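Per our numbering, the very first residue in the first sequence carries number 59; after that it's consecutive. For each residue, glycine too, the CB sits at the ideal point set by N, CA and C. Small disclaimer: the values here were computed from a predicted structure and weren't measured. A short worksheet on the structure shown next.
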Amino acid sequence: MAATVSETLLDWYDRHARDLPWRALPGTPAPEPYRVWLSEVMLQQTTVAAVKPYFAAFTKRWPTVEALAAAPEEDVMAAWAGLGYYSRARNLVKCARAVADMGAFPSSEKELRHLPGLGDYTAAAVAAIAFDRRAVVVDANVERVVARLFAIDEPLPGARKAIRAEADMITPDERAGDFAQAMMDLGSSICTARDPKCLLCPLADECEGRMAGDPARLPVKAPKKAKPLRKGRAWWIERDDAVWLVRREGTGMLGGMRALPDDGWSARGEGEGGPDGEALGLVRHGFTHFDLELSVERHDAPMGEGEWWPLDKLDEAGLPTLFAKAARLALA
DNA sequence: GACTCGTGGTT
DNA sequence: TAACCAAGAGT
Numbered sequence: 059m060a061a062t063v064s065e066t067l068l069d070w071y072d073r074h075a076r077d078l079p080w081r082a083l084p085g086t087p088a089p090e091p092y093r094v095w096l097s098e099v100m101l102q103q104t105t106v107a108a109v110k111p112y113f114a115a116f117t118k119r120w121p122t123v124e125a126l127a128a129a130p131e132e133d134v135m136a137a138w139a140g141l142g143y144y145s146r147a148r149n150l151v152k153c154a155r156a157v158a159d160m161g162a163f164p165s166s167e168k169e170l171r172h173l174p175g176l177g178d179y180t181a182a183a184v185a186a187i188a189f190d191r192r193a194v195v196v197d198a199n200v201e202r203v204v205a206r207l208f209a210i211d212e213p214l215p216g217a218r219k220a221i222r223a224e225a226d227m228i229t230p231d232e233r234a235g236d237f238a239q240a241m242m243d244l245g246s247s248i249c250t251a252r253d254p255k256c257l258l259c260p261l262a263d264e265c266e267g268r269m270a271g272d273p274a275r276l277p278v279k280a281p282k283k284a285k286p287l288r289k290g291r292a293w294w295i296e297r298d299d300a301v302w303l304v305r306r307e308g309t310g311m312l313g314g315m316r317a318l319p320d321d322g323w324s325a326r327g328e329g330e331g332g333p334d335g336e337a338l339g340l341v342r343h344g345f346t347h348f349d350l351e352l353s354v355e356r357h358d359a360p361m362g363e364g365e366w367w368p369l370d371k372l373d374e375a376g377l378p379t380l381f382a383k384a385a386r387l388a389l390a
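Right, here's the structure in full:
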C-alpha cells in the first residue's frame with residue numbers, strides 16, 4: 059500500500075527538520091508551551107532570522123509565562139521594539155497575565171483561540187506543537203503547499219475554505235505538531251513562493267500542481283494596490299545630553315511605543331504643521347500600506363507630554379525602527 | 001471581506 | 001531597484 063502524504067512528509071521531516079531554538083527535534087519531548095506560544099506570536103508575519111535574537115532575549119529575561127506576566131508592559135514594549143506589529147506585544151502581555159491567572163496554558167485549540175493574540179493559526183499551532191493535539195494548522199506556507207499539491211486554481215483569499223478542507227484531509231491523527239512544522243519547513247525551504255525546488259520535494263510524485271506544469275503560479279493571489287507616499291515631520295529636541303521622547307497612543311500606528319514628537323502623519327495623510335526647525339534630513343521608511351518620507355527637524359522646546367531620555371541610553375528607549383532611523387540621522 | 005498594522009531579506 | 005514576501009490578528 060502506498061504511503062500517505064503525511065507519512066511521506068513525516069519521514070522527510072525526521073531526516074531534514076531544521077534545528078530551531080524553540081523547537082524539539084523529532085522524537086524528543088515537546089517544548090514548554092510558553093516557548094511554543096512566544097515563538098509562534100513572534101513568527102507571525104516575521105522571518106525566522108528576525109525572530110531568533112528576540113526569542114533569545116525574551117526567554118533569558120522572562121524565563122516563564124509568570125515572569126512575563128509580572129513585567130511592566132512598558133518593558134515588554136521596549137524589548138519588542140524593532141520586531142514590528144506592536145499590537146502583538148500589547149496582546150502578549152494581556153495573554154501572559156490571563157494564562158498566569160488561569161495557572162497554565164489551556165491545551166485545547168478552542169480555549170487557546172480565546173486568548174488575546176491567538177487567531178486560528180496560532181491556536182492550532184500551539185495545540186498541535188505544544189500539546190500534541192490534532193489540529194489543522196494553516197499558515198501561508200501550508201496554503202502554498204496545499205494549493206500546489208491539489209492544484210487549487212481559485213484565487214486567495216477565496217480559496218481558504220477549500221485549502222483548509224484539503225489540509226484537514228492530510229493532517230494525521232498522530233504527530234499533528236510535527237506534521238505542521240514539516241509543512242512549514244517544506245514551504246520555506248523547498249516549496250518556496252518563487253522557483254520551487256521540485257526536484258528535492260518528497261511530495262513531487264503526487265503534486266498535481268507540478269503535474270500540471272507550472273506549480274510556481276499557485277496559489278493565485280489578487281493583485282495588490284499601490285502604496286501611496288505620505289510625508290510627515292518629526293522633531294529632535296536635545297538638551298543636556300538628553301532627547302525629548304513621547305509615548306504614542308495605545309492603538310494604531312506604532313501604538314504604545316516611545317517616539318519622537320511628530321506632526322500626526324500617521325493619523326492623517328498629511329501632517330498638521332508645527333514649528334519650523336533646522337532641517338536635519340529625510341528618513342524614508344516603508345510600512346505595510348504606505349511609504350513615509352519623514353523630515354527630521356531640530357527644535358529647542360519640549361512638545362507635549364514626554365520625558366528627557368539620556369542619549370547614552372538611547373538603545374534602551376525601545377524606539378521603533380522609523381524613529382531609530384531618525385535618531386541615527388540626528389546624531390550623525 | 002476589506003483594512004490596518006512593521007520590518008528586513010530576496011529577487 | 002521596486003516589488004514581493006514572511007509561522008496573522010483584530011476590527
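Just tell me which of R233, E124 and W138 has its CA closest to the CA of K110.
-> W138
State the start and end residues of the unbroken beta strand (DSSP E) segment that holds G339.
-> From DSSP, the beta strand (DSSP E) with G339 extends over E336 to G344.
Are the segment 88-96 and the segment 289-300 touching, with three or more C-beta to C-beta distances below 8 Å?
-> no
Grab the span of the alpha helix (DSSP H) containing G267 for me, first residue to last.
-> E266 to M269
Would you call the CB atoms of S166 and A154 closer than 8 Å?
-> Not in contact: S166 and A154 (Cβ atoms no closer than 8 Å).
What is the C-beta distance between D236 and L68, in whole angstroms, given that I count them as a contact (C-beta under 8 Å)?
-> D236 to L68, Cβ: 6 Å. Contact.
Enumerate in chain order the residues of its own chain whose CB-to-CB distance from D197 is below 7 Å, with the five nearest sequence positions on each side excluded.
-> Y179 and M242
Taking the alpha carbon of M315 as the point to measure from, which residue in V63, G344 and E374 has its own alpha carbon closest?
-> When V63, G344 and E374 are compared, the shortest CA-CA separation from M315 is found for E374.
Boundaries of the alpha helix (DSSP H) in which A65 is found, first to last residue = For the record, residue 65 in the displayed sequence is Glu; it is not Ala. In the DSSP assignment, E65 falls within the alpha helix (DSSP H) that extends over V63 to H74.
Does the distance from the CB of V151 to the CB of V134 come in under 8 Å?
-> yes
Straight-line Cα distance separating G140 from W294 = Roughly 20 Å separates the two Cα atoms.
G313 to R146 span [Cα, whole Å] = Roughly 11 Å separates the two Cα atoms.
Mind checking which residues open and close the alpha helix (DSSP H) that includes I228?
-> R218 to I228
Taking the alpha-carbon positions, what's the F208 to E266 distance?
-> 5 Å
Where does A193 fall in DSSP's three states?
-> coil
Nearest to T117 (by Cα), restricted to the options E224, Y144 and P89 = P89
Do you know how far the Cα of L303 is from the Cα of R192?
-> 48 Å
In the DSSP assignment, what residue or residues form a beta bridge with P368?
-> A300
Completely contained alpha helix (DSSP H) runs for the segment 112-148, where each covers 4 or more residues = 123-128 and 131-138
Per-residue DSSP class, three states only, for S353 = Three-state DSSP puts S353 in a strand.
Neighbourhood of V354 by C-beta distance below 7 Å, restricted to the same chain and skipping five residues each side | A292, W294, L338, G339, V341, A384, L387 and A388
Which of the three DSSP states, helix, strand or coil, is assigned to A209?
-> coil
Applying the criterion that 16 or more other CB atoms from any shown protein chain within 10 Å of the CB defines a buried residue, is G376 buried or exposed?
-> With a 10 Å radius around the Cβ and a threshold of 16 neighbouring Cβ atoms, G376 comes out buried.
Is R93 helix, strand or coil when you go by DSSP?
-> helix
For H74, the nearest candidate out of G245, A217 and D159 (CA to CA) = For H74, the closest of G245, A217 and D159 by C-alpha to C-alpha distance is G245.
Under a Cβ-count criterion, where at least 16 other Cβ atoms within 10 Å of its own Cβ denotes burial, should H357 be classed as buried or exposed?
-> buried
Among all the DSSP beta bridges, which residues are the ones paired with R155?
-> In the DSSP output, where bridge partners are listed per residue, R155 has none listed.
Neighbourhood of A300 by C-beta, 7 Å cutoff - its chain only, sequence neighbours within 5 removed = For A300, where only same-chain residues beyond five positions count, the Cβ hits under 7 Å are W366, W367, P368 and L369.
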